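Undergrad: All residue numbers for the first sequence refer to the working numbering, where the first residue is 66 and numbers rise by one. Every residue, glycine too, gets a C-beta built ideally from N, C-alpha and C. Please read these numbers as outputs of a predicted model, since none were measured by experiment.
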Amino acid sequence: MHKTSCTVPRPGAPTMDALDPTPDARPEALREEGSDIDPELVEQTDEERASIRALRLSKLAALREAGGEPYPYRFDRDRNIDDLRAEFGGLEAGEEREVDVSLAGRLMLKRDQGRLTFGQLRDRSGEVQLFVSAGVIGKEQLAEFNDLDRGDWIGVNGTVMVTKKGELSVKVSSFELLSKALRPLPDKWKGLSDVDARYRQRYVDLTVNADARRVFEVRFAAVQAIRNELARRRFLEVETPFLHLQQGGATARPFVTHYNALNMDTYLRIALELPLKRLLVGGLERVFEIGRVFRNEGIDTRHNPEFTMLEAYQAFGDYTEMMELTEQLVAAAAMAATGSTIVPVRGVDIDLTPSWRRVSMVDLIGEVVGVEMHPSMPVADARAILDRLGLSYKPTWGAGRCTHEVYDELVEHTVIQPTIVLDHPRETSPLAKPHREDPSLVERFEVIVDGRELANAYSELNDPVEQLARFREEAAAKAAGDPEAGDVDLDYVRALEYGMPPAGGLGIGIDRLVMLLAGVESIREVILFPTLRPEAGLSDADFPSGGD
RNA sequence: GCCUCUGUGGCCAAGUGGUAAGGCAGCGGACUUUUAAUCCGACGAGCGUGGGUUCGACCCCCACCGGAGGCACCA
66 MHKTSCTVPR
76 PGAPTMDALD
86 PTPDARPEAL
96 REEGSDIDPE
106 LVEQTDEERA
116 SIRALRLSKL
126 AALREAGGEP
136 YPYRFDRDRN
146 IDDLRAEFGG
156 LEAGEEREVD
166 VSLAGRLMLK
176 RDQGRLTFGQ
186 LRDRSGEVQL
196 FVSAGVIGKE
206 QLAEFNDLDR
216 GDWIGVNGTV
226 MVTKKGELSV
236 KVSSFELLSK
246 ALRPLPDKWK
256 GLSDVDARYR
266 QRYVDLTVNA
276 DARRVFEVRF
286 AAVQAIRNEL
296 ARRRFLEVET
306 PFLHLQQGGA
316 TARPFVTHYN
326 ALNMDTYLRI
336 ALELPLKRLL
346 VGGLERVFEI
356 GRVFRNEGID
366 TRHNPEFTML
376 EAYQAFGDYT
386 EMMELTEQLV
396 AAAAMAATGS
406 TIVPVRGVDI
416 DLTPSWRRVS
426 MVDLIGEVVG
436 VEMHPSMPVA
446 DARAILDRLG
456 LSYKPTWGAG
466 RCTHEVYDEL
476 VEHTVIQPTI
486 VLDHPRETSP
496 LAKPHREDPS
506 LVERFEVIVD
516 GRELANAYSE
526 LNDPVEQLAR
536 FREEAAAKAA
546 GDPEAGDVDL
556 DYVRALEYGM
566 PPAGGLGIGI
576 DRLVMLLAGV
586 ESIREVILFP
596 TLRPEAGLSD
606 ADFPSGGD
């Protein structure tokens with residue numbers, strides 16, 4: 066047993082032995098003088114005895130035995146660690162201040178020097194060293210501190226000092242266990258790198274990987290900046306239903322769920338569009354929603370079945386307003402998240418500073434591919450171009466769809482710097498208003514950055530007769546077996562019949578924006594709990610009671 | 001859905017046909033200014049799961065279960 070005694074008996078302390086009258090049945094190896102093994106461990110299997118978790122459970126039991134509480138209710142700290150650094154960061158090596166401070170956080174490292182132990186305490190704002198000296202808190206308290214484990218949550222009280230190596234520290238006068246960790250943290254240097262474990266146990270990932278934490282700070286800053294900019298422009302933030310009775314607002318397969326009370330199937334929303342535009346009919350004029358949408362499609366580095374969209378609608382504007390708005394929102398997000406509107410992506414500086422290049426789809430195709438194409442050209446000519454370019458097409462495609470195909474296959478991925486690609490073929494844009502100068506086009510643009518679509522916007526269709534016709538086309542396609550086609554939303558048509566003001570609408574994929582700003586290549590890195598298959602092998606057997 | 005890669009103690013990681021290195025953490029010991037502290041000592045896995053081949057399998061084969069990347073589709 067330990068040479069030091071302390072108020073909390075640790076495994077093997079005399080009180081425990083006294084409480085256990087049974088003969089010492091411990092294996093030879095554990096019965097030696099100085100063995101620190103809790104007698105309770107004898108009740109455990111070999112596997113449990115070997116496990117860190119079992120040892121921690123016995124620590125827990127010992128602590129409670131002594132009247133301690135490993136999971137107390139609260140701790141009053143008086144500042145965050147970054148506050149402490151701001152206040153005392155100017156101290157010289159060796160300086161001390163008789164200022165009482167109290168901090169709370171997770172114990173990340175321990176360096177035991179014998180009569181002195183250094184700890185590393187982390188809260189959300191930063192880390193600071195703990196200086197825990199027997200000369201200050203006494204040998205017993207020091208032994209208790211040394212009995213803490215990496216990963217435990219603690220609260221500390223102490224004064225401020227700087228070590229002779231210049232490290233700002235808290236000279237601990239007392240500490241309190243706030244929550245005992247039963248499972249060990251990953252390697253203190255290598256951290257957690259197994260991506261499966263990182264996503265499934267995001268709590269561990271966030272604990273040990275600073276990069277993971279940084280991504281979500283970036284995400285918050287970007288979203289907050291977008292909210293602020295929209296609010297400044299007098300947009301009203303709203304919340305619309307997740308459960309939709311009809312499929313619409315985008316072309317995508319929905320998740321279907323059953324609502325018992327109404328005994329009917331409902332869809333998880335695939336877009337925010339139709340409810341928001343109803344609000345324009347209602348006269349709200351400028352509305353936006355940042356929210357989760359759900360698409361029953363594949364998972365890859367750029368797609369997660371649930372993801373976050375911003376959609377904003379502005380009455381009395383058209384898509385040219387949306388171009389300016391998109392630029393300002395993205396620039397504001399970049400500035401807030403990274404401090405700059407220039408973000409490095411794979412060695413290339415992407416300059417998000419407004420204004421961005423604006424180019425029509427047909428002009429861009431001419432520039433990149435070197436062919437003259439237009440949705441108004443005879444379909445036979447369009448097909449000839451696709452043949453020459455080695456692209457395939459379906460017999461149902463018109464010249465517009467063919468034009469879009471060339472753009473998708475050969476142009477989009479070549480566009481690295483932010484570019485507003487405008488005036489899409491009418492054939493591929495069923496929800497946008499026809500172009501005021503060219504009936505084969507619609508007033509629509511996409512923003513391409515780093516070869517990927519970041520935003521999509523229209524002059525919104527508000528002609529109820531035209532809208533009904535398009536809904537009917539979709540419904541016919543759905544009836545013919547297209548799972549991505551939507552339903553006829555008669556209430557939406559009725560809303561338009563009351564009159565929707567002319568408006569521009571904008572959608573931005575928030576996850577992709579964050580990927581860009583955070584410099585990560587997988588959408589799972591910007592979603593806290595990405596969709597994964599069920600974890601195999603996690604069972605009750607992984608949670609032995611520890612011998613109680 | 002298809003293709004390729006991948007799964008070794010709590011974490012990181014070697015081994016690729018001869019019977020599981022090493023590091024971190026944890027455990028015991030030393031140390032009052034460390035910074036991934038250091039030093040000494042003891043311990044811990046039969047290699048995702050199930051079959052098969054072989055005298056012998058972490059290693060080869062098959063299936064299944066996770067994961068990653070790519071293709072297809074989409075934001």
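By the DSSP assignment, the alpha helix (DSSP H) with Met388 in it spans what residues?
TA: Tyr384 to Thr403 is the span of the alpha helix (DSSP H), which, as asked, contains Met388.
Undergrad: Output the residue ranges of the alpha helix (DSSP H) runs that lie fully inside the stretch 270-313 and measure 4 residues or longer, sorted by chain position.
TA: Within the stretch 270-313, the complete alpha helix (DSSP H) runs of at least 4 residues are 275-297.
Undergrad: Give the DSSP-derived three-state secondary structure of Pro490 in the structure shown.
TA: Pro490: strand per DSSP, three-state reduction.
Undergrad: Quick one, which of Asn274, Pro529 and Ala396 has its alpha-carbon nearest Ala286's?
TA: Taking only the C-alpha atoms, the option nearest Ala286 is Ala396.
Undergrad: Could you tell me which residues DSSP puts in a beta bridge with Lys175?
TA: Looking at the DSSP assignment, Lys175 forms a beta bridge with Gly184.
Undergrad: Can you look up Met680 in the DSSP assignment and give me helix, strand or coil?
TA: There is no way to answer for residue 680, as the model of the chain reaches only from 66 to 613.
Undergrad: Give the range of the beta strand (DSSP E) segment to which Asn211 is assigned.
TA: Element bounds for Asn211: not the beta strand (DSSP E) but the alpha helix (DSSP H), Ala199 to Asn211.
Undergrad: Entirely within the stretch 494-561 and at least 3 residues each: give me those beta strand (DSSP E) ranges in chain order.
TA: The qualifying runs are 509-514 and 517-524.
Undergrad: Which residue comes first and which comes last in the beta strand (DSSP E) that contains Met374?
TA: Element bounds for Met374: Glu371 to Ala380.
Undergrad: Give me the Cα-Cα distance between Ser420 and Thr391, rounded to the nearest whole angstrom.
TA: About 10 angstroms.
Undergrad: So, is His489 buried or exposed, given that buried needs 16 or more other C-beta atoms within 10 angstroms?
TA: By the 10 Å Cβ count, His489 comes out buried.
Undergrad: State the Cα-Cα distance for the pair Thr373 and Ile588, rounded to the nearest angstrom.
TA: One C-alpha to the other measures close to 11 angstroms.
Undergrad: Name, in chain order, the residues that DSSP records as bridge partners for Ser234.
TA: The partner list for Ser234 (beta bridge, DSSP) reads Gln194 and Met226.
Undergrad: Determine the extent of the alpha helix (DSSP H) in which Ala151 is found, giving its start and end residues.
TA: It spans Ile146 to Phe153 - the alpha helix (DSSP H) in which Ala151 sits, taken as one unbroken run.
Undergrad: Take every Cβ of the stretch 193-202, pair it with every Cβ of the stretch 250-265, and state whether three or more of those distances are shorter than 8 angstroms.
TA: Flag = no, the stretch 193-202 and the stretch 250-265 do not touch.
Undergrad: What does DSSP give as the partner residue(s) for Ser116 in the beta ladder?
TA: DSSP output for Ser116 lists no bridge partner at all.
Undergrad: Counting C-beta neighbours from all protein chains within 10 Å, is the total for Gly527 16 or more, i.e. buried, or is it exposed?
TA: It is worth fixing the name first, because residue 527 is Asn in this sequence and not Gly. Buried, by the Cβ-count rule.
Undergrad: Say whether the stretch 224-235 touches the stretch 159-175, bearing in mind that this needs 3 or more beta-carbon pairs closer than 8 angstroms, one atom from each stretch.
TA: Because the criterion of three Cβ pairs below 8 angstroms is met, the stretch 224-235 and the stretch 159-175 touch.
Undergrad: Tell me, please, whether the stretch 561-570 touches the stretch 316-329 by the rule of three or more beta-carbon pairs shorter than 8 angstroms.
TA: No, the stretch 561-570 is not in contact with the stretch 316-329.
Undergrad: Just to confirm, is the Cβ distance from Ala377 to Phe300 under 8 angstroms?
TA: It is a contact, given that the beta carbons lie within the stated cut-off.
Undergrad: Ordered along the chain, which non-local residues of its own chain (more than five positions away) have a Cβ less than 6 angstroms from that of Pro249?
TA: So the list reads Ile117, once near-sequence residues are dropped.
Undergrad: Tell me whether Phe608 is buried or exposed, calling it buried when 16 or more other Cβ atoms sit within 10 Å of its Cβ.
TA: So Phe608 counts as exposed.
Undergrad: Work out the CA separation of Pro599 and His500 for me, nearest whole Å.
TA: So the two alpha carbons sit approximately 48 angstroms from each other.
Undergrad: So, with DSSP's three-state summary, where would you put Arg481?
TA: Per the sequence presented here, residue 481 reads as Ile, with Arg not at that position. In this structure, Ile481 counts as coil in the three-state DSSP scheme.
Undergrad: Within a Cβ cutoff of 6 angstroms, which residues of the same chain sit near Leu475, ignoring the five residues on either side of it in sequence?
TA: Same-chain partners within the cutoff: Val434.
Undergrad: Between the Cα of Thr484 and those of Gly516, Leu271, Asp383 and Asp217, spot the shortest distance and give me the residue it belongs to.
TA: Minimum Cα distance to Thr484 is reached at Gly516.
Undergrad: Can you tell which of Gly412, Ser244, Lys543 and Ile364 has the C-alpha that lies nearest to the C-alpha of Leu125?
TA: Closest by alpha carbon: Ser244.
Undergrad: Straight-line CA distance for Gln109 to Leu593?
TA: The predicted model places Gln109 with a pLDDT of 36, which falls under 50 and marks its position as unreliable, so this point remains unresolved.
Undergrad: Among the residues of its own chain, which have a CB less than 7 angstroms from the CB of Asn521, if the five just before and after it don't count?
TA: Excluding sequence neighbours, Asn521 sits near Glu511 and Gly572.
Undergrad: Starting from Leu341, trace the alpha helix (DSSP H) both ways and give me its first and last residue.
TA: Here the alpha helix (DSSP H) through Leu341 covers Glu338 to Val346.
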